[in-house]
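Undergrad: Quick one: the structure is below, and I'll ask about it shortly.
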Amino acid sequence: MNFLKLSHLLNPLKINALSSSLPATKKISTTVMSNFYLNSLKLNAKASQLASTTKLPFSDADDKSNNERAENISRAMSYYLEKMAERESLMKFKTEEFEIGKRHLAKMMGENAETFTQDDINRSIEYLLPSGLFNKKARPFLKHPEDYYPKSKLAAFGSDGRPLHHLFYTGNPDFYQIIYELTQKYLNLNRLEDAMNLIKGRMKTIHKTDEADLNTRINLTGSVWIDRNKLNVKFNMKIDELSYNKFIIMLQKLAEHSLSKREETFIGQFIVPFEPPIKLSDIPALLKDETGRPYQELEVRQRTAIVKLKLYEGNGKIKIKAPEGNFNINFFDSLTQREQLLFPFKVVDKINKFDIEMEVNNGGMSCLSKAARYAISKALCCFVSADSIEKLRLAGLLTSDSRPKERKKPGQEGARRRYTWKKR
Amino acid sequence: MSLARNLNKILSLRSLAAQNRLFNLNNNLINKSLLINSVQKRYLSNEQEPKIEIKISQKAVPHFFRCSVNDPLKHNSVHLNKFYKVDEKDLKVIDPFQECLTREHYAEFKAFNETALMIRQPAIEVIDYIKKLDLSLPAYRFVLYGNENGTGKRSTLLHLLHYCQKDNWLLIHLPNWSAVLRRSKESQPSTYKEGRLDTPIDAALFLKRFSVQNNKLLKELNLKTTKKYNWSNRDSSPEGTPLLDLIEYANTRIKYASDICGAIIREIKFQTNSNKYKVFVAVDQVNSFFGPTRLKRADKSEIKVDDITIARNFKKLLKNDWCNSVVVSTIGSVGVILPAPDRRTKFYDTSISIQNRRRVPCSLHYEGPLTPAHLLKKEGFYYLEPFIPIEVPSYSDSELLTHYEYYRDRNWLQSEDALTDDGREEIKFLSGNNPREFMRVCQTI
Amino acid sequence: MLNLTKNLPIIINKLTTPQSQKLLKFTSNIHSTAGNRQNDQNLKTSVVPQKSKIINPLKHEDFFQINELVKLEDLFKARCHYGHHHGLRCPWMNEFIFGTRITTDIIDLDQTIPLMKRALNFIAHIAFRKGVILFITRYAQHIPLIEQSALEVGEYSHCKPWRNGTFTDSTRRFGSVIRLPDLCIFFHTHEKLNEAHGALSETAKMLIPTVAICDSDSDPSQITYPIPANDDSLVSQQLYTRLIKEVIIKAKKKRQELEEQGYVIQYE
Chain A
1 MNFLKLSHLL
11 NPLKINALSS
21 SLPATKKIST
31 TVMSNFYLNS
41 LKLNAKASQL
51 ASTTKLPFSD
61 ADDKSNNERA
71 ENISRAMSYY
81 LEKMAERESL
91 MKFKTEEFEI
101 GKRHLAKMMG
111 ENAETFTQDD
121 INRSIEYLLP
131 SGLFNKKARP
141 FLKHPEDYYP
151 KSKLAAFGSD
161 GRPLHHLFYT
171 GNPDFYQIIY
181 ELTQKYLNLN
191 RLEDAMNLIK
201 GRMKTIHKTD
211 EADLNTRINL
221 TGSVWIDRNK
231 LNVKFNMKID
241 ELSYNKFIIM
251 LQKLAEHSLS
261 KREETFIGQF
271 IVPFEPPIKL
281 SDIPALLKDE
291 TGRPYQELEV
301 RQRTAIVKLK
311 LYEGNGKIKI
321 KAPEGNFNIN
331 FFDSLTQREQ
341 LLFPFKVVDK
351 INKFDIEMEV
361 NNGGMSCLSK
371 AARYAISKAL
381 CCFVSADSIE
391 KLRLAGLLTS
401 DSRPKERKKP
411 GQEGARRRYT
421 WKKR
Chain B
1 MSLARNLNKI
11 LSLRSLAAQN
21 RLFNLNNNLI
31 NKSLLINSVQ
41 KRYLSNEQEP
51 KIEIKISQKA
61 VPHFFRCSVN
71 DPLKHNSVHL
81 NKFYKVDEKD
91 LKVIDPFQEC
101 LTREHYAEFK
111 AFNETALMIR
121 QPAIEVIDYI
131 KKLDLSLPAY
141 RFVLYGNENG
151 TGKRSTLLHL
161 LHYCQKDNWL
171 LIHLPNWSAV
181 LRRSKESQPS
191 TYKEGRLDTP
201 IDAALFLKRF
211 SVQNNKLLKE
221 LNLKTTKKYN
231 WSNRDSSPEG
241 TPLLDLIEYA
251 NTRIKYASDI
261 CGAIIREIKF
271 QTNSNKYKVF
281 VAVDQVNSFF
291 GPTRLKRADK
301 SEIKVDDITI
311 ARNFKKLLKN
321 DWCNSVVVST
331 IGSVGVILPA
341 PDRRTKFYDT
351 SISIQNRRRV
361 PCSLHYEGPL
371 TPAHLLKKEG
381 FYYLEPFIPI
391 EVPSYSDSEL
401 LTHYEYYRDR
411 NWLQSEDALT
421 DDGREEIKFL
431 SGNNPREFMR
441 VCQTI
Chain C
1 MLNLTKNLPI
11 IINKLTTPQS
21 QKLLKFTSNI
31 HSTAGNRQND
41 QNLKTSVVPQ
51 KSKIINPLKH
61 EDFFQINELV
71 KLEDLFKARC
81 HYGHHHGLRC
91 PWMNEFIFGT
101 RITTDIIDLD
111 QTIPLMKRAL
121 NFIAHIAFRK
131 GVILFITRYA
141 QHIPLIEQSA
151 LEVGEYSHCK
161 PWRNGTFTDS
171 TRRFGSVIRL
181 PDLCIFFHTH
191 EKLNEAHGAL
201 SETAKMLIPT
211 VAICDSDSDP
221 SQITYPIPAN
231 DDSLVSQQLY
241 TRLIKEVIIK
251 AKKKRQELEE
261 QGYVIQYE
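Protein chains in written order, with the UniProt record's numbering: chain A, 1 to 424; chain B, 1 to 445; chain C, 1 to 268.
Encoded structure:
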């Protein structure tokens, strides 16, 4: 026993001696440091016991039980440190490999290995091993291991194994910490409001206060709540859809509080300025006819239907060029299909102010009419103001229907239609 | 739902008819408020309110869509795009069996309690021509056609019939002719010549219509046969029999109706040289004379148009070997007789995959181009040549506006949204300026 | 887990009153064995302070003076005696119920007090030995209070939806070996309506001792230190959190003071 204890005592001394013997410029590698830390921890636990033993004689059995407890407590930390040490050794090995590889590559390219940078490596690898693989991640590369090995996490607990965060056991402490702060802030505001009301009630008897001056609620116009993905990136955590929705509801509740301006900085973290999804810069400019008449050209495909549209300013003439012949709006038999064409014009309030020239091909009637609707509303964007474009977007006219054609099933005439049933 | 709406329309019209005083009650808001005030005054106060004021307001606003001249003889280009009223007595003479227009039209006439036709450019054009014609020359042929269906060929024809009836013309009217060739009501082999087909009921119907349309004129002229006709071994009519008697004879002996029909046509055609009368022939769907038929003999051999007795006789009217006559005919897709759809016929093109299938053109209706060359084909074109083609276009903006205002005046548009300018533009967009589509869109509102 | 609580009152009923009182006092310190039971005065005399400052907290009957903390009046004022509708009663709770008034169960506070003292004592001992204490509840109204009080005393809380395997499969859940809590305190034993909290069975599996406030509708059979009392009203929850906070702080302070004074804490 004594020998063991002595050896343990000596261990850190040795390391210290080593470190002192080394020149000051060279750092001790992190592996050594972590090993040192690990050992010193164990030793510290035992040193205290040693101190006690020096003063009082203790039975061996008692010593053992105490030792076990001490070890149990720091097991989490020791495991973590072991893992760290493993990783460090691996990284050391890999860096050495990288250095050698770099030197070889420089030699192959006939350049100086000392001044060989990462850009040079990339260039030379692209030259030596040209790859046409579509995914860039699958192409050959040579990089420092720190760049592509997953980074080690910081320990979430101290040396005695006690977690550092009070919500550690929930599994997502960062996110729940925000929620915790949010609730506490809301409750504080409630308390404050109660107190203020109480004071106000007493003040009113003396003189009236102007309530218009008290602009205490936060103004959220022109902004939206942060996106889930952005939130994940910003706070470096993982949130599922359900808890995100709950979180937004809670934020909304805080923002609607009558004193929410006091928590402006907190709420400000979760606000992003509203960006219109359709940018005016993306809309193409108007084309011009030989006669100088402005028009817009488009081709829209939906399922099998193809619609080629030309939209002119005019007075409501419609020409539909189908394989069967030339038609006006009566090409569409039913009123519902004609209303599809009408709808975008109605939204922007410009019925019979545009001429339509359409070339239709393939597709069924309802599909064609929907494709025409999408084409018209897209082309209309070039003619109308930004407000009207927003109206079109809100009406859902600027989203294309991306559903593909449903496949034909065996044993059936089409996707859904069955063969006519005959009684033998 | 639609029934309820229609009932509402009819009821409102009834109340309209009953209370002429409150003519404008539902029409526009300003008058409404005025009227309500007057009504309130009338019922609430003891003083009696003079009713003259309302009458003045009714007369003071003449409707711009109505033509003050209801006599078609006086119609000219000044009265274009306006509605004129047809007397019920006249209509009963011109169109006794309500065959000239579609069923929808007659339903509207019934609901509106009046028959109003729009004076349109093609009708005025033909009337102008007729006024200026030299009738001593061989028969003039007009062909009305449109680029779409439902542009108003038959209502133009009705307008022309009305004009000629007022101008004391002898009318020979063949409405809905293609129906006979599709499926005659009764058919029997001819006794006159073998291989021909008699359609006695259709012939009798024609004779009845003919007698009603020209009863007054025939009595005045007192036309008589110039030849002895043998209907069978026993029955015959001697020379000098009045035509009206012949028609009555046909009513009693329907068996001989188609032969009598031929005789009458022959007599009329022969006696035009006397310059006593003028003949106006109106044929609907004339292109059916130059195509196949759906009728079949007992041995399932096909029957051509020339094999049907009355068709053969009517076809003679279209020739230009007689004078003092005008032939106005329409051509349309209804006249194109396609082979009867079999029970196994699929109405979609099976060669296209099912997702892309549209209704096959020509399976039920003719859907090709509607020009005279396409519809009459070579045979008909040469048969009618020389003829004057007259296009009946779809509505212009002003025509559509007058029609809209007319409907509005008749309280036919019940929805409040339809009464706004935007609503009118929407209806215009959805109908594509086509009169028939316009009518149908307005029915649902 | 042994169901100590279930058998305890029966024994008391059978014994005579002075004996039962004596037993109750000793039960407040269950870590002490029957042989080592000694009075407070005797213990002090046996230890020789001059020679060495050795303390075995388990040998004291009331090391943290908890008897003074818990009062019947406080419990009564905080409405701790209200139970649920008698139809909701869990049969294991029959012993702790005083009676039923207007279809509502009334909890016998005379039984609550010794059990509560015992539980608080246990909490204090764990806190004294620097154990990890986890506060658990799923009652939405109390969550901010309980999270806040856990933070104040430097302990941990879990008031979020329970994911199965948090204790039993902790290595995979947290990505590394972690130290599990040494004590779980349940302020409310239901997760959803009438459904036991998922942590209850997991603590039992992982041999983690539990303290829980058991209302008349909750099942105390899997709990080491049940406290029969009302768990729904905020006022009573405030009382419990106040007591527990006080006890934990007291224990931690005591530890610090003793270490500063150079005492050696020794168990057995």
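For each residue, glycine too, the CB sits at the ideal point set by N, CA and C.
Put Thr-336 of chain A into one of helix, strand or coil per three-state DSSP.
TA: Here Thr-336 of chain A sits in helix by DSSP.
Undergrad: Using only alpha-carbon positions, find the residue among A:Lys-391, A:Arg-393, A:Ile-179 and A:Asn-352 that is nearest to Pro-252 of chain A.
TA: The amino acid at residue 252 of chain A is misidentified as Pro; the sequence shows Gln. With distances taken between Cα atoms, Gln-252 of chain A lies closest to A:Ile-179.
Undergrad: Any idea what DSSP makes of Val-247 of chain C, helix, strand or coil?
TA: The answer is helix: DSSP assigns Val-247 of chain C an H, G or I state.
Undergrad: So, under 8 angstroms CB-CB, Ala-305 of chain A and Gly-363 of chain A are touching, yes? Tell me the CB distance rounded to an integer number of Å.
TA: At roughly 3 angstroms, the Cβ-Cβ gap stays under 8 angstroms, so Ala-305 of chain A and Gly-363 of chain A are in contact.
Undergrad: What ranges does the alpha helix (DSSP H) occupy inside the stretch 160-235 of chain A, keeping only unbroken runs of at least 4 residues that lie completely in it?
TA: Whole alpha helix (DSSP H) segments, 4+ residues: 173-204 and 228-235.
Undergrad: Please go through the same chain and pick out, in chain order, the residues whose beta-carbon is closer than 7 angstroms to the beta-carbon of residue 488 of chain B, but skip the five residues on each side of it.
TA: Residue coverage of chain B in this structure runs from 1 to 445, which leaves residue 488 of chain B outside it and unanswerable.
Undergrad: I'd like to confirm the pairing. Which residues does DSSP put opposite Arg-182 of chain B in its beta bridges?
TA: Partner(s): none; Arg-182 of chain B has no beta bridge.
Undergrad: For the stretch 174-205 of chain C, which residues have a CB atom closer than 8 angstroms to at least one CB atom of chain A, in sequence order?
TA: Within the stretch 174-205 of chain C, the residues whose Cβ lies closer than 8 angstroms to some Cβ of chain A are Phe-174, Gly-175, Ser-176, Val-177, Ile-178, Arg-179 and Pro-181, listed in chain order.
Undergrad: Strictly by DSSP, which residues pair up with Asp-355 of chain A?
TA: The partner list for Asp-355 of chain A (beta bridge, DSSP) reads A:Tyr-312.
Undergrad: Please compile the residues from chain B whose C-beta is within a distance smaller than 8 angstroms of the C-beta of Arg-293 of chain A.
TA: Result: empty, since nearest Cβ-Cβ is about 20 angstroms, beyond 8 angstroms.
Undergrad: Excluding five sequence neighbours on each side, which residues of the same chain lie with their C-beta closer than 7 angstroms to the C-beta of Met-93 of chain C?
TA: For Met-93 of chain C, where only same-chain residues beyond five positions count, the Cβ hits under 7 angstroms are Cys-214, Ser-216, Pro-220 and Pro-228.
Undergrad: Do Cys-67 of chain B and Lys-82 of chain B have their CB atoms nearer than 7 angstroms?
TA: Yes, these two residues count as a Cβ contact at 7 angstroms.
Undergrad: Could you check whether the Cβ of Phe-438 of chain B sits closer than 7 angstroms to any Cβ belonging to chain A?
TA: It does not: the Cβ of Phe-438 of chain B has no partner Cβ on chain A nearer than 7 angstroms.
Undergrad: Any residues in the stretch 161-194 of chain A with a beta carbon nearer than 9 angstroms to a beta carbon of chain C? Which ones, in chain order?
TA: Within the stretch 161-194 of chain A, the qualifying residues are Gly-161, Arg-162, Pro-163, His-165, His-166, Leu-167, Phe-168, Tyr-169, Thr-170, Gly-171, Asn-172, Tyr-176, Ile-179, Tyr-180, Thr-183, Gln-184, Tyr-186 and Leu-187.
Undergrad: Using CA atoms only, rank isn't needed, just tell me which of A:Pro-344, A:Val-224 and A:Ile-248 is closest to Ile-389 of chain A.
TA: It is A:Pro-344 whose Cα lies nearest to the Cα of Ile-389 of chain A.
Undergrad: Report the CB separation of Leu-109 of chain C from Phe-76 of chain C in whole angstroms; it is logged as a contact under 8 angstroms.
TA: That belief holds up - the Cβ atoms of Leu-109 of chain C and Phe-76 of chain C are roughly 6 angstroms apart, short of 8 angstroms.
Undergrad: Buried or exposed for Leu-182 of chain A, going by 16 or more other Cβ atoms inside 10 Å?
TA: Buried, since its Cβ has 16 or more Cβ neighbours within 10 Å.
Undergrad: How far does the beta strand (DSSP E) with His-190 of chain C in it reach, from first residue to last?
TA: Per DSSP, His-190 of chain C belongs to the beta strand (DSSP E) from 190-192.
Undergrad: Which residue from A:Tyr-149, A:Arg-262 and A:Phe-332 puts its Cα closest to that of Asn-215 of chain A?
TA: Answer by Cα proximity: A:Arg-262.
Undergrad: I'd like to know whether the C-beta of Leu-430 of chain B is nearer than 7 angstroms to at least one C-beta of chain A.
TA: Yes, because at least one Cβ of chain A sits closer than 7 angstroms to the Cβ of Leu-430 of chain B.
Undergrad: Write down the C-beta distance between Leu-145 of chain C and Thr-241 of chain C rounded to the nearest angstrom, noting that I regard them as a contact closer than 8 angstroms.
TA: So it is a contact: roughly 6 angstroms between Cβ atoms.
Undergrad: In chain A, what lies closer than 7 angstroms to Asn-214 of chain B by C-beta?
TA: Within 7 angstroms Cβ-Cβ: nothing; Asn-214 of chain B doesn't reach chain A, min ~39 angstroms.
Undergrad: Say whether the stretch 102-122 of chain B touches the stretch 288-305 of chain B, bearing in mind that this needs 3 or more beta-carbon pairs closer than 8 angstroms, one atom from each stretch.
TA: Cβ pair count under 8 angstroms is below three, so no.
Undergrad: When the Cα atoms are used, what is the spatial distance from Val-126 of chain B to Val-327 of chain B?
TA: Rounded to whole angstroms, Val-126 of chain B to Val-327 of chain B spans 11 angstroms at the Cα level.
Undergrad: Whole angstroms is fine: what's the gap from Phe-438 of chain B's alpha carbon to Gly-332 of chain B's?
TA: When rounded, the distance between both Cα atoms is 19 angstroms.
Undergrad: With distances taken between CB atoms, is the gap from Thr-137 of chain C to Phe-187 of chain C smaller than 7 angstroms?
TA: It is a contact, given that the beta carbons lie within the stated cut-off.
Undergrad: Using a C-beta to C-beta distance shorter than 8 angstroms, which residues of chain C count as neighbours of Tyr-76 of chain A?
TA: Checking the sequence shown, residue 76 of chain A turns out to be Ala, not Tyr. Within chain C, the residues near Ala-76 of chain A are Ser-176, Val-177, Ile-178 and Arg-179.
Undergrad: Output yes if chain C places a C-beta closer than 7 angstroms to the C-beta of Tyr-79 of chain A; else output no.
TA: So, interface residue.
Undergrad: In the DSSP output, which residue or residues are listed as bridge partners for Lys-224 of chain B?
TA: Per DSSP, B:Pro-242.
Undergrad: Which residues mark the beginning and the end of the alpha helix (DSSP H) in which Val-86 of chain B is found?
TA: Premise fails: Val-86 of chain B lies in the beta strand (DSSP E), 82-86, not in any alpha helix (DSSP H).
Undergrad: Just how far apart, CA to CA, sit residue 446 of chain B and Ala-372 of chain A?
TA: This structure leaves residue 446 of chain B out entirely; chain B is present only between 1 and 445.
Undergrad: Whole angstroms are fine: how far does the CA of Pro-130 of chain A sit from the CA of Arg-103 of chain A?
TA: Between Arg-103 of chain A and Pro-130 of chain A, the C-alpha separation is close to 20 angstroms.
Undergrad: Is Pro-435 of chain B near Gly-152 of chain B, with beta carbons less than 7 angstroms apart?
TA: Yes. Within cutoff.
Undergrad: Which residue's Cα is closest to the Cα of Asn-122 of chain A: A:Leu-142, A:Leu-341 and A:Lys-405?
TA: Among A:Leu-142, A:Leu-341 and A:Lys-405, the Cα nearest to that of Asn-122 of chain A belongs to A:Leu-142.
Undergrad: So, are the CB atoms of Ile-318 of chain A and Ile-356 of chain A less than 7 angstroms apart?
TA: It is a contact, given that the beta carbons lie within the stated cut-off.
Undergrad: Identify the continuous beta strand (DSSP E) that holds Gly-99 of chain C and give its terminal residues.
TA: Taken as a continuous stretch (DSSP letters only), the beta strand (DSSP E) holding Gly-99 of chain C covers 97-101.
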